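Participant:
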């Protein structure tokens, strides 16, 4: 995954934990030296930062013999170096947002085209609720990859078996809302706060279930969990009984729309105990995270697109509302803001106005000026001077937004609430 929060080792994790310093050092030099040894006139330079780490991550996973690897693209998908994987077990596209416009394009449709570049023939793909046109683009990209449309109450096809004599077939499915997984059973508790994490959880459930099925794994008593809606106990194409909740797939013409959606809706199922625990235990530092230090409560989030900032604001307002009920006293709200890349910070800052901050601090993305003190935080594409200039621009933008809103003079002390 990327980017890292504090140390580069966070990008390569095994069993949820960053690899150790010793392991990182070992594999870094193994990969570096091998690339040095194989240089030629055509490949005279080292891969760029992210490409090198991607190569290294693959090498780590292979050498450490992991059971499965969850690989997040760096930027986009179609031309991302992680897209070198020819036959993933399953693919997922989460909620789309406007970001990296200089590379991916300045519309949701262009970004959806890039994201859909990870689809592969014969590989199931899932996405969550999207705007109508970007969802159409994902469907079109799936068709370009010879992805066929299938519906049913499950994926009752034996591992490795083709569904067509012409080409391997696979579905592109739209994930149901998480609420539908909770019908008839307990509410699912998420380790990550925020309503927007529910769609991520629904996607994770579908990806996990599909991986288990395609790898031939079974849970307790041969179960996969039980289908909530619909339920059918049919046979697969080979005549072998399908585990409970996994039904026969039926082909649907690409032009068919189900429930007004251009992408078929994936079946719901009852999550296994392990899935429920996984959702509950999931944590990701710097994502809707709360930290208390004495009288100060920090609300941390890495939102950097308009949609993610909106989700962050909803989470922050709800979280502070809950905190206000616990504490009866004055408070001061301080915004600490940083943005990198070519992002439209004016648009992002405007979305933060409803949080009613009393003060705002704009800082660079450096914790240390000296490279020797913290090499993991260095960005050699941006100088400290450029970063500080960006901070000044953000400050001026914030003052302008407050003036346009008719709010308090940002240079006057804020009254205690």
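Numbering (this note's numbering), first residue to last: 8 to 424. Built from N, CA and C at the ideal position, the CB exists for glycine as well. As the structure is a prediction and not an experimental result, all values here were calculated from the model.
1. Nearest-angstrom Cα distance between residue 16 and residue 138?
2. Taking Cβ positions, are residue 405 and residue 367 nearer each other than 8 Å?
3. For residue 78, list the residues DSSP reports as bridge partners.
4. Among 118, 305, 370, 62, which residue has its Cα nearest to the Cα of residue 100?
5. Given 8 Å as the limit, is there contact between the stretch 268-283 and the stretch 200-217, that is, 3 or more CB pairs closer than that?
6. Are three or more beta carbon pairs between the stretch 103-117 and the stretch 71-80 nearer than 8 Å?
7. Quick check on the burial criterion: 16 or more other C-beta atoms within 10 angstroms. Buried or exposed for residue 396?
8. In the DSSP assignment, find the unbroken alpha helix (DSSP H) run with residue 39 in it and report its ends.
9. Grab the span of the alpha helix (DSSP H) containing residue 209 for me, first residue to last.
10. I'd like to know whether the C-beta atoms of residue 124 and residue 144 end up nearer to each other than 8 Å.
11. Helix, strand or coil: how does DSSP classify residue 132 here?
12. Relative to the C-alpha of residue 58, which residue among 317, 49, 82 is closest?
13. Rounded C-beta distance between residue 53 and residue 34? I'm assuming under 8 Å.
14. With respect to the alpha helix (DSSP H) encompassing residue 109, which residues constitute its N-terminal and C-terminal limits?
15. Put residue 405 into one of helix, strand or coil per three-state DSSP.
16. Could you tell me the alpha carbon to alpha carbon distance between residue 180 and residue 132, rounded to whole angstroms?
17. Which same chain residues, not among the five before or five after residue 91, have their C-beta less than 7 Å away from its C-beta?
18. If you draw a straight line from the C-alpha of residue 141 to the C-alpha of residue 51, how long is it?
19. For residue 14, which residues from the same chain have a beta carbon less than 6 Å from its beta carbon, with the 5 sequence-adjacent residues on both sides left out?
20. Along the chain, where does the beta strand (DSSP E) containing residue 99 start, and where does it finish?
21. Cβ atoms of residue 94 and residue 46: under 8 Å apart, would you say?
22. To the nearest angstrom, how far is the alpha carbon of residue 274 from that of residue 204?
23. Here's the rule: buried if 16 or more other CB atoms are within 10 angstroms of the residue's CB, otherwise exposed. What is residue 412?
24. What separation, rounded to the nearest whole angstrom, lies between the Cα atoms of residue 149 and residue 196?
25. Within 10 angstroms of the Cβ of residue 27, are there 16 or more other Cβ atoms? Answer buried if so, exposed if not.
Facilitator: Concretely, from the data shown:
1. For residue 16 and residue 138, the distance between alpha carbons rounds to 35 Å.
2. Result yes, Cβ atoms of residue 405 and residue 367 sit closer than 8 Å.
3. For residue 78, which the question treats as bridged, DSSP gives no partner whatsoever.
4. Of 118, 305, 370, 62, the residue nearest in Cα terms is 118.
5. They touch, by the three-pair rule.
6. Contact fails: fewer than three Cβ-Cβ distances are below 8 Å.
7. Under this definition residue 396 is an exposed residue.
8. Where residue 39 is concerned, the enclosing alpha helix (DSSP H) starts and stops at 28-44.
9. Residue 209 -> alpha helix (DSSP H) spans 204-221.
10. One thing to note: residue 124 has its Cβ no nearer than 8 Å to the Cβ of residue 144.
11. Three-state DSSP puts residue 132 in a strand.
12. Cα-wise, what sits closest to residue 58 is 82.
13. Not a contact, Cβ separation roughly 15 Å.
14. Run containing residue 109: 108-111, per the alpha helix (DSSP H) assignment.
15. Three-state result, residue 405: helix.
16. Using only the alpha carbons, I get a separation of about 6 Å.
17. Taken in chain order, the list of residues that qualify is empty.
18. When the Cα atoms are used, residue 141 and residue 51 turn out to be separated by approximately 40 Å.
19. Closer than 6 Å at the Cβ level, and outside the excluded window around residue 14, lie 383.
20. Per DSSP, the unbroken beta strand (DSSP E) holding residue 99 starts and ends at 98-100.
21. For residue 46 and residue 94, no; Cβs fall outside 8 Å.
22. Just so you know, the alpha carbons of residue 274 and residue 204 end up roughly 20 Å apart.
23. Exposed: under 16 other Cβ atoms inside 10 Å.
24. Their Cα atoms are separated by approximately 33 Å.
25. Exposed, by the Cβ-count rule.
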